[in-house]
Structures are given as C-alpha cells and as structure tokens.
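A.B. asks:
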Amino acid sequence: MKGKEQMRNFEQVVRTADVMNGQPKAIFPNFKLTAIDCEGKELIKVTVWIEGMGMIEVNDTYWTLTEDGRNKILKLLKDAEALRS
0 MKGKEQMRNF EQVVRTADVM NGQPKAIFPN FKLTAIDCEG KELIKVTVWI
50 EGMGMIEVND TYWTLTEDGR NKILKLLKDA EALRS
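Here the sequence shown is numbered in numbering that gives the first Met the number 0, starting from 0 and rising by one per residue.
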C-alpha cells in the first residue's frame with residue numbers, strides 16, 4: 000500500500016473488525032502482508048483469510064472482518080496486484 004487513501008482504508012478495516020477470542024483453527028491464509036517503512040524497518044505483519052466474511056491477524060490478534068472490511072481488503076489486494084503489472 001503506497002497511498003494515504005489505501006492506508007486509511009486498511010486502518011478502517013481493522014477498526015471496524017471484531018476481535019476474536021483465542022486463535023482460530025483456520026486453513027492456510029490467502030495472503031501475508033508486511034508493512035516496511037522507507038528505511039527498511041518492518042512495521043507490521045498482517046495475515047489475511049478471505050473465505051466467508053474473512054479474518055485478519057495483526058500482531059497475534061485475530062479479527063473477524065465486516066462485509067465492508069472484507070470488500071476493502073479485496074480492493075487493496077487487487078490494487079496492489081495492478082501495481083505489480
């Protein structure tokens with residue numbers, strides 16, 4: 000995610016998600032994302048599962064996504080793929 004709007008969208012996804020108790024039993028994730036600052040320092044790791052409503056894991060906390068959050072994650076991933084092309 001390179002743009003400020005993309006970062007705001009991701010922050011909104013996390014803010015609107017519901018925290019899950021404990022670690023869920025889940026299949027392998029669909030995506031693993033790592034945020035790195037301009038100096039190469041790793042800031043955050045995010046794991047994303049998009050089946051069903053979807054969930055994310057940020058710093059060992061698991062979150063169930065809202066429908067809007069799932070859609071935003073899918074758009075962010077699609078935008079990131081477009082940047083690679």
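Idealized CB from N, CA, C, for every residue including glycine.
Hey, would you say residue 28 sits closer than 8 Å to residue 46, going by beta carbons?
C.D. replies: Taking the first residue of the sequence shown as 1, we reach residue 28 at position 29. Taking the first residue of the sequence shown as 1, we reach residue 46 at position 47. It is a contact, given that the beta carbons lie within the stated cut-off.
A.B. asks: Among the residues of its own chain, which have a CB less than 6 Å from the CB of residue 57, if the five just before and after it don't count?
C.D. replies: As a first step, residue 57 is located in the sequence shown; it is residue number 58 there, counting from the start. Contacts found: 45.
A.B. asks: Please report the straight-line C-alpha distance between residue 72 and residue 12, rounded to a whole angstrom.
C.D. replies: Within the sequence shown, the letter at position 73 stands for residue 72. Within the sequence shown, the letter at position 13 stands for residue 12. Distance between the alpha carbons of residue 72 and residue 12 is about 7 Å.
A.B. asks: Looking at the C-beta of residue 56, does it have a partner C-beta in chain D at a distance below 8 Å?
C.D. replies: Chain labels in this structure do not include chain D; a single protein chain is all it has.
A.B. asks: In angstroms with no decimal places, state the Cα-to-Cα distance between residue 68 and residue 61.
C.D. replies: Numbered from 1 along the sequence shown, position 69 holds the residue referred to as residue 68. Numbered from 1 along the sequence shown, position 62 holds the residue referred to as residue 61. Spanning the two alpha carbons is a distance of roughly 14 Å.
A.B. asks: Suppose you measure from the CA of residue 0 to the CA of residue 20; what does that come to, to the nearest Å?
C.D. replies: On the sequence shown, position 1 is the one that residue 0 refers to. On the sequence shown, position 21 is the one that residue 20 refers to. Low per-residue confidence applies at residue 0: pLDDT is 48, beneath 50, and the placement is therefore not dependable, though the value from the model is reported in the following sentence. Approximately 28 Å between the Cα atoms of the pair.
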